[in-house]
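Worksheet: one structure, shown below.
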């Protein structure tokens, strides 16, 4: 896995992950899997769709996780 993707849940991250952090992790994942830092113009649309889909899935995952011992204030708000 890509070493530059950081853990986005408590207690590693003291506060909820921002949309920017989630998107950055998704972008790093797509770059790693595709092998492209920046896709060619003919691959841009599918690359961007993948980043958005993974960012959405990541946000959903973080919203649903229950971390034992983490205060409720650091859990992501639904929505």
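In our numbering, the protein residues as written are 47 to 125. Glycine included, C-beta positions come from ideal geometry on N, C-alpha and C.
{"Query": "Using the Cα positions of residue 79 and residue 53, report the straight-line distance between them to the nearest angstrom.", "Result": "18 Å"}
{"Query": "Put residue 22 into one of helix, strand or coil per three-state DSSP.", "Result": "It is not possible to answer for residue 22, since the shown part of the chain is limited to 47 through 125."}
{"Query": "Express the C-alpha separation of residue 92 and residue 62 in angstroms, rounding to a whole number.", "Result": "28 Å"}
{"Query": "Count the other C-beta atoms from every protein chain shown that fall within 10 angstroms of the C-beta of residue 107, then say buried if there are 16 or more, exposed otherwise.", "Result": "exposed"}
{"Query": "When burial is assigned at 16 or more other CB atoms within 10 Å of the CB, is residue 56 buried or exposed?", "Result": "buried"}
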